[in-house]
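Chemist: Residue numbers (my numbering): 150 to 399.
Glycine residues also receive a C-beta, built at the ideal position from the N, C-alpha and C atoms.
Below you'll find the structure I mean.
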Amino acid sequence: MSGWVKIAGLGPGNEALVTSEVTAALAEATDVVGYIPYVARVAKRPGLTLHASDNRVEIDRSQHALRMAAEGKRVVVVSSGDPGVFAMAAAVFEALENGPDTWREIPVEVLPGITAMLAAAARAGAPLGHDFCAINLSDNLKPWALIEKRLRLGAQADFAMAFYNPRSKSRPEGFVKTLEILRQECEPERLILFARAVSRPDEAICIATLAEATPDMADMQTVVIVGSSLTRVIERPIGPIVYTPRSTPE
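As structure tokens, then:
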């Protein structure tokens, strides 16, 4: 079979953070499939067809990519960040598992990218330097009760936690509840990093304590990183560093 699918991560926004592997795949592609703003990041060229779609049609998008690959096309499915982190890789494999048996002969490869979580952590220092977890706060694909359970258990286990999709216009109450849960489980001095539009021209980084944090500090372009109880800040004249030590007291 001459067609293939490559599921690529475009990184957090700055083109310098797109891997050379992803750049090479885009140069070979006949078709690019993805959510509208991510496809817009791919340069147009002769011989390349761009297929942009809404953000709630992941399975339809994946099926479209696999159908084109079965026809012999070279298809790149794009996500921001890393395609395996709350993104398109899982959707493509779900479509593959439930699709025609012939789709299983299609070469499918996942090309990693730099996630917003890792880019945000690097900007601040090393808040994810010890054990951590990542939680998607959107309840579009899972019930809020499950999100709340994971928030509480993550805090009780003293993980540093990275939150994706913290607060949208359609569900602003989710992050209000998140802060309430954190205040029930963590001390007021717990450090929180709000990293918006990391690596883009409008990047904004805010370091606060849990006591200082307010819901309007986050939106859908923000990654929120909550430190563990050991996370600390180094104050410097040229800017603070937030990090979590790699060792824990016995």
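Below 8 Å on the Cβ atoms is my guess for P276 versus A268; work out the distance and round it to an integer in Å.
Modeler: About 12 Å; that fails the 8 Å criterion.
Chemist: Taking Cβ positions, are Y187 and S229 nearer each other than 8 Å?
Modeler: Result yes, Cβ atoms of Y187 and S229 sit closer than 8 Å.
Chemist: Report the rounded CA-to-CA distance for E170 versus A360, giving the unit in angstroms.
Modeler: Their Cα atoms are separated by approximately 43 Å.
Chemist: Which first and last residues belong to the alpha helix (DSSP H) in which V154 is found?
Modeler: Premise fails: V154 lies in the beta strand (DSSP E), 153 to 158, not in any alpha helix (DSSP H).
Chemist: Return helix, strand or coil for T358, following the three-state DSSP convention.
Modeler: If DSSP states are grouped into helix, strand and coil, T358 belongs with the strands.
Chemist: Just mark I255 as buried or exposed, buried being the case when its beta carbon has 16 or more other beta carbons within 10 Å.
Modeler: That one is buried.
Chemist: By DSSP, does F308 sit in helix, in strand, or in coil?
Modeler: Of the three classes helix, strand and coil, the one that applies to F308 here is coil, per DSSP.
Chemist: Below 8 Å CB to CB, which residues in the same chain sit around N314 once its five sequence neighbours on both sides are set aside?
Modeler: So the qualifying residues of the chain are F235, N285, L286, S287, M369.
Chemist: Suppose contacts are defined by Cβ-Cβ distances below 8 Å. Is V382 in contact with F312 by that definition?
Modeler: Contact: no.
Chemist: In the DSSP assignment, find the alpha helix (DSSP H) that holds D209 and state where it starts and stops.
Modeler: Unbroken alpha helix (DSSP H) run through D209: 207 to 219.
Chemist: If distances are taken between C-alpha atoms only, which option among W153, E329, T264, Q305 comes closest to T363?
Modeler: Of the listed residues, the one whose Cα sits closest to T363 is E329.
Chemist: Sort out for me which residues DSSP pairs R332 with in a bridge.
Modeler: In the DSSP output, where bridge partners are listed per residue, R332 has none listed.
Chemist: Provide the residue(s) that pair with S202 in DSSP beta bridges, ordered along the chain.
Modeler: Answer is Y184.
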